[in-house]
Amino acid sequence: MQPFQEAIDFAFAHETSWSRENLDNFGIHKADPAPFNQLLGPVHPRGGVSGVIHVAGEKVCEWGEPHRADLTFSIAKTYLAMLAGVAHDTGLLPDVHEPVHRRVAGIGFEDAHNAQVTWMHLLQQTSEWEG
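Numbering-wise (our numbering), the sequence shown opens with residue 1467 and increments by one.
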């Protein structure tokens, strides 16, 4: 763990200040229409900082409770960013400033408004895509 101690210390130092206990209406937007205003559970108290580091497919260290099922928020954004990085590194997405319609045709980016949308717009959620 020693080579990664700085990263581990950083993770612990930046744990969210949110309570580990769930509130009665945790994750629910009461003003939303039914059935979208109901919590689908179970929901447990949040765990502490956990992590795993893999290098070249090998687990080199872990800390906390990485096998614990825990709450996540907006995790899709993180996965999308990682996949975009892999796509860029492998040449599938060489230019994030390229308009989407040039690389992927027939999915709604051809009209005058949407033709201006770039991969960067999508990644930053600033595309103003219409459709």
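The beta carbon of each residue, even a glycine, is placed where N, CA and C say it ideally should be.
Would the stretch 1581-1595 and the stretch 1541-1553 be scored as touching if the rule is three or more Cβ pairs under 8 Å?
yes
So does the stretch 1476-1490 actually touch the stretch 1515-1526, counting three or more Cβ pairs closer than 8 Å?
yes
Expected contact under 8 Å - CB spacing of Ile1519 and Phe1575 to nearest Å:
Wrong, their Cβ atoms sit about 37 Å apart, outside the cutoff.
If you drop the 5 nearest sequence neighbours on each side, which residues of the same chain put their C-beta closer than 8 Å to that of Pro1565?
Phe1575, Ala1581, Gln1582, Val1583, Thr1584
Those residues which DSSP pairs with Gly1517 across a bridge
Trp1529
Three-state secondary structure (DSSP) of Thr1584
strand
Output the distance between the C-alpha atoms of Asp1577 and Lys1496, rounded to the nearest integer angstrom.
38 Å
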